[in-house]
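Chains A and B are the protein sequences, given in the same order.
As numbered in the working numbering, the first sequence has no gaps in its residue numbers, which increase by one up to the final residue, 351.
As numbered in the working numbering, the second sequence has no gaps in its residue numbers, which increase by one up to the final residue, 702.
Protein chains: 2
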Amino acid sequence: HQDQDELQQHLKEVQQVLSRQHLVENLVHRQDMPRHDLVEGLVHKQHLAELRKKLDDLHSADIAYILEALPLDDRLQVWDLVKAERDGDILLEVSDAVRESLIENMGRAELVAAAEQLDADELADLAPDLPNEVLADVFRALPIEEREQLREAMSYPEGSVGALMDFEMVTVREDVALEVVLRYLRLFEELPDHTDQLFVVARDESLRGVLPLNVLLVNDPESEVAALMQVDALTLSPEDEADDAAQAFERYDLVSAPVVDSQGRLIGRVTVNAVLDYIREEAEAEQLAAAGLREEEDIFASVWDSVKNRWQWLAINLVTAFIASRVIGAFEGSIEKLVALAALMPIVAGI
Amino acid sequence: HQDQDELQQHLKEVQQVLSRQHLVENLVHRQDMPRHDLVEGLVHKQHLAELRKKLDDLHSADIAYILEALPLDDRLQVWDLVKAERDGDILLEVSDAVRESLIENMGRAELVAAAEQLDADELADLAPDLPNEVLADVFRALPIEEREQLREAMSYPEGSVGALMDFEMVTVREDVALEVVLRYLRLFEELPDHTDQLFVVARDESLRGVLPLNVLLVNDPESEVAALMQVDALTLSPEDEADDAAQAFERYDLVSAPVVDSQGRLIGRVTVNAVLDYIREEAEAEQLAAAGLREEEDIFASVWDSVKNRWQWLAINLVTAFIASRVIGAFEGSIEKLVALAALMPIVAGI
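Below, the structure written as structure tokens:
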């Protein structure tokens, strides 16, 4: 975990190693040294080892940040050095444009391996960017339960609760003692991220209530789940709008909330980190839209891509200006008689 | 807990009771019925009882929402019906402008009572809006430890981590077994909201690490805290910028993070709900600023208040238009010769 300053520092160090590498390449080539292949290879290897070590110590989100800040060639060089088992996580973290550039340069086997490390809900987020044959391969390799989850997660439109939902819930029965729940939890290797409550379900998977970990921890282990669970907890439906869910999380200070279908069966949960990402993305999309940009823009994209993004706005702007000029042209006669009118035009436009 | 539709429904019901009340008042007064005071009094009491019952069932954040949506008279009537022990919570939830209107209409004793229910960090958020003598009364009534916390919380500028921080941490020592920690937690009535990890501190209050509840729950109760705690957790400093903290919460999917002073002593924590509120407020402030408004505006504020908020922007707009017109005026001679120039002006302005 790094704060903003440390992160900048890491980025600078990576850039330094890369620029030293470029420098050596140039020097060796220009001087036409004897056995320059050998020298270059050695130095290169040393630099790569240094970079790889640095990357191994960083959080996936930090590597994503560094990848976004590098120009394409350097980005791909760094991407090659990242451990294969972290590829999936990092692809989820980077922006859409950078993700495209990385996926374009990965082989099919590499992509399948990266996708297979992800949970069904994460895979659903990544799916639109993956080539179809990769998606098919991954789908075939999934266990049946996860296949169902993936199909479900992909069926909800963007901006719905279903698209924010994940499937990592810990469920318990209502007729057991807290002691039993505590022993059950010890069977887990680790609990899913953002588990602040367990979901109490009946045999038919219908949600009976929630048992916050806080309640589990402060109460007598002999008490029964049914006596302590909260039955009036907020539940979401997968068709709800993500905006409404975000407001509920903000209003009631939630960490997670269960998602139930129309029959009241528990099908997933939404966590505060998904909501936070959603709010941030919405805010950014609004700001970019105000400047005539789409989210997908990459700061290292070609000028041509930027022009494609913006020309419509520029064109509309120009067309309205021409219309205004035609209108003024129609009154040329009056303006000729009373030139002061021209001076008043910007005031009228300003209002 | 209510979702957005239910909340709208509650608001409508409250508005209906209020409008029925207004209707009865008008009818009774107009018809000049015998003993109309008695009839009016009875009906009024019935309406108030109905409203009070409805309000008692609602979450503080929902009452805040309803208060914001009502015009001033109705707002104060509803505010009088809210249970006194919830006043503090609700004052924290409403927008700045509505809070001002409520505080203006509360007595000193009422305000002191409301403020005394709050934690030090919440009190610090409310303090700028409280009259000085109320703040002094509350301050005198606080226990010494909380007085220190309040002074500390109020010393950090808005936009710093210190201003987001709260003081509700559960701390444990590193040389005890998980079993002991579990027994210690059972001594609590309840754990603070958003407790996803316990803070491991030494005798001098310096932070040694954090023990996530997930780790506490899945591991053998015989193991020692020292063996399981995470020592590389992200720590914040109260002087850090809130923006950086928000990015760290988003990047690393945190629920809470410890705040330490320059000597590494634990002084508080930041939770994801404070971060979420902060992000939302920032985004809203930006949008309002773009429309020439300040956050403090109340939709029921008088026209005069709105004018006060906006006249500067309007004035600047007008002044620039006048300047443009002077510039054009200076070239009146050229325009007289070639009127087509006037037609081109809006195109130039459009670019």
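Glycine is no exception: its CB is placed at the ideal position from the N, C-alpha and C atoms.
If you drop the 5 nearest sequence neighbours on each side, which residues of the same chain put their C-beta closer than 8 Å to that of residue i?
i: Glu224(A); result: Glu174, Asp175, Val176, Ala177 and Leu178
i: Gln247(A); result: none
i: Gln614(B); result: Ser557
With a Cβ-Cβ cutoff of 8 Å, do residue i and residue j count as a contact?
i: Tyr278(A); j: Leu164(A); result: yes
i: Val623(B); j: Val606(B); result: yes
i: Ile441(B); j: Val433(B); result: yes
i: Val485(B); j: Leu462(B); result: yes
i: Ala420(B); j: Leu362(B); result: yes
i: Leu216(A); j: Asn565(B); result: no
i: Ala114(A); j: Gly88(A); result: yes
i: Val755(B); j: Leu549(B); result: With chain B represented from 352 up to 702, any question about residue 755(B) goes unanswered, as that position is not in the structure.
i: Ala608(B); j: Arg616(B); result: no
i: Ala389(A); j: Glu85(A); result: Residue 389(A) is absent from the model: chain A starts at 1 and stops at 351.
i: Phe139(A); j: Leu627(B); result: no
i: Gly25(A); j: Glu13(A); result: According to the sequence provided, residue 25(A) is Glu. The question's Gly does not apply to it. No, Cβ-Cβ distance for Glu25(A) and Glu13(A) is not below 8 Å.
i: Pro572(B); j: Leu538(B); result: no
i: Ser506(B); j: Glu590(B); result: no
i: Val17(A); j: Glu50(A); result: yes
i: Val569(B); j: Leu126(A); result: no
i: Ala141(A); j: Glu116(A); result: yes
i: Asp244(A); j: Gln638(B); result: no
i: Ala577(B); j: Ala283(A); result: no
Once DSSP output is grouped into helix, strand and coil, what is the label at residue i?
i: His1(A); result: Because the pLDDT of His1(A) is 48, which lies under 50, any placement of that residue in the model is unreliable, and the number read from its coordinates should be weighed accordingly. Here His1(A) sits in coil by DSSP.
i: Gln9(A); result: helix
i: Arg537(B); result: coil
i: Leu191(A); result: coil
i: Asp166(A); result: strand
i: Glu222(A); result: coil
i: Leu130(A); result: coil
i: Leu587(B); result: strand
i: Asp438(B); result: helix
i: Gly41(A); result: helix
i: Gln367(B); result: helix
i: Leu409(B); result: coil
i: Ser95(A); result: coil
i: Met106(A); result: coil
What's the call for residue i, buried or exposed, on a 16-neighbour Cβ count within 10 Å?
i: Asn668(B); result: exposed
i: Leu353(A); result: The displayed coordinates of chain A run from 1 to 351. Any statement about residue 353(A) would go beyond what the structure contains.
i: Phe673(B); result: exposed
i: Arg75(A); result: buried
i: Gly107(A); result: exposed
i: Ala475(B); result: buried
i: Gly684(B); result: exposed
i: Gly513(B); result: buried
i: His22(A); result: exposed
i: Ile495(B); result: exposed
i: Ala109(A); result: exposed
i: Ala593(B); result: buried
i: Glu152(A); result: buried
Going by DSSP, name the residue or residues bridged to residue i.
i: Leu199(A); result: Checking the displayed sequence, the identity of residue 199(A) turns out to be Phe instead of Leu. Partner(s): Thr171(A) and Val210(A).
i: Ser160(A); result: Glu241(A)
i: Ala257(A); result: Val270(A)
i: Gln581(B); result: Val561(B)
i: Arg265(A); result: Ser206(A)
i: Ala177(A); result: Glu224(A)
Ordered along the chain, which non-local residues of its own chain (more than five positions away) have a Cβ less than 6 Å from that of residue i?
i: Ile618(B); result: Val610 and Asp612
i: Met229(A); result: Val200, Gly209 and Leu211
i: Gln500(B); result: Ala471 and Phe518
i: Asp407(B); result: none
Can you list, in chain order, the residues of its chain whose CB lies under 7 Å from that of residue i, leaving out five sequence neighbours each side?
i: Arg334(B); result: Outside the displayed span of chain B (352 to 702) sits residue 334(B), for which this structure offers no information.
i: Asp480(B); result: Arg450, Glu451 and Ile454
i: Glu357(B); result: none
i: Asp547(B); result: Pro563, Leu564, Val606 and Ser607
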